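K.L.:
Have a look at the structure that comes next, please.
Numbering (the working numbering), first residue to last: 1 to 250.
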């Protein structure tokens, strides 16, 4: 492929972007980049630092701070790259961030489903996510949102280990390793079931948010209708979270 030489430069550029502006305001941008890294790794088989960067967000100090009292509605983080400083303290934002991190990590794990070393490759991720789930400084509601990820990785690790119990070849026998991986029926594996279920849920949520955004955009300004900026909470949420005039100090 003529584009193959661009793989490594693209990974370097995306990795660099992921470390820029560590403020929570730019978590949406970082998540965009990390998802691209995970997708690139899945398509090429290359190793990227996406998991490490995702876990750094999960353990960000801002998620452990007490959420500010707010009635702010959640927004789709896949359509923004930056939010206001005030929005980062809301429970809606923190929930959206944790959900996005968990889903992208599940996508990362799913891309490695057919690898004989899955338990070892995902052990650091599993350990880190478990640490997050046990961190009493984090709101219980947030910690519960990664339970499915822990279960999916743990179940698939046990599934791979059970498959490995019958092997007789050494790790250095690459031909045998490749044959083993080729014989794995990951279509019925635990991680596949978890990923398919979560993907449907993820797409349904995105569709719901898109419908809400469309409704907000078409909520008329006619004399016989309410003004959207004043009376539409969904539009208010998006505008408040992404207002470029707010918090310019960052």
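For every residue, glycine included, the Cβ atom is placed at its ideal position computed from N, Cα and C. Remember, it's a predicted structure, so these values are computed and weren't measured experimentally.
(1) Could you compute how far the alpha carbon of residue 187 sits from the alpha carbon of residue 114?
(2) Under 8 Å by Cβ, that's how I've got residue 53 and residue 47 pegged, so tell me the actual separation to the nearest angstrom.
(3) If residue 32 and residue 98 are in contact, beta carbons under 8 Å, what's the gap, nearest whole angstrom?
(4) Assign residue 201 to buried or exposed, taking buried as 16 or more other Cβ atoms, counted over all protein chains shown, within 10 Å of its Cβ.
(5) So, using beta-carbon positions, are residue 106 and residue 149 closer together than 7 Å?
(6) Assess contact between the stretch 134-150 and the stretch 61-69, defined as three or more Cβ pairs (one per stretch) separated by less than 8 Å. Is contact present?
(7) Note down, in chain order, each residue of its chain lying with its Cβ closer than 7 Å to the Cβ of residue 18, except the 5 sequence neighbours on either side.
(8) May I ask you to report which of helix, strand or coil DSSP gives residue 134?
(9) Return helix, strand or coil for residue 167, following the three-state DSSP convention.
(10) Alpha carbon to alpha carbon, what distance is there between residue 118 and residue 23?
(11) Please classify residue 220 as buried or exposed, where buried requires at least 16 other C-beta atoms within 10 Å of its C-beta.
(12) Any beta carbon from chain C within less than 7 Å of residue 96's own beta carbon?
(13) Could you give the residue range of the alpha helix (DSSP H) that holds residue 92?
(14) Taking only the alpha-carbon atoms, compute the straight-line gap between residue 83 and residue 116 and give it to the nearest angstrom.
(15) Could you tell me the alpha carbon to alpha carbon distance between residue 4 and residue 123, rounded to whole angstroms?
(16) In three-state terms, what does DSSP make of residue 32?
(17) Would a C-beta distance cut-off of 7 Å place residue 63 and residue 128 closer than the cut-off?
(18) If you draw a straight line from the C-alpha of residue 174 to the C-alpha of residue 134, how long is it?
(19) Could you compute how far the alpha carbon of residue 16 sits from the alpha carbon of residue 112?
(20) Hey, out of 182, 58 and 164, whose CA is closest to residue 323's CA?
(21) For residue 281, name the three-state secondary structure that DSSP assigns.
P.N.:
Checking against the coordinates, here is how it stands:
(1) 10 Å
(2) In fact, because the Cβ distance is near 13 Å, the residues do not count as touching under 8 Å.
(3) Contact flag wrong, Cβ pair sits at about 16 Å.
(4) exposed
(5) yes
(6) yes
(7) 30, 33, 34 and 53
(8) coil
(9) coil
(10) 32 Å
(11) Residue confidence for residue 220 is low, a pLDDT of 45 falling below 50, so the modelled location carries little weight; the figure read from the coordinates is stated next. So residue 220 ends up on the exposed side.
(12) You won't find chain C in this structure, because it holds only one protein chain.
(13) 91-111
(14) 40 Å
(15) 30 Å
(16) helix
(17) no
(18) 38 Å
(19) 24 Å
(20) Since the first residue shown for the chain is 1 and the last is 250, residue 323 is missing from the structure and cannot be characterised.
(21) The chain is shown from 1 up to 250; residue 281 falls before or after that span and cannot be answered.
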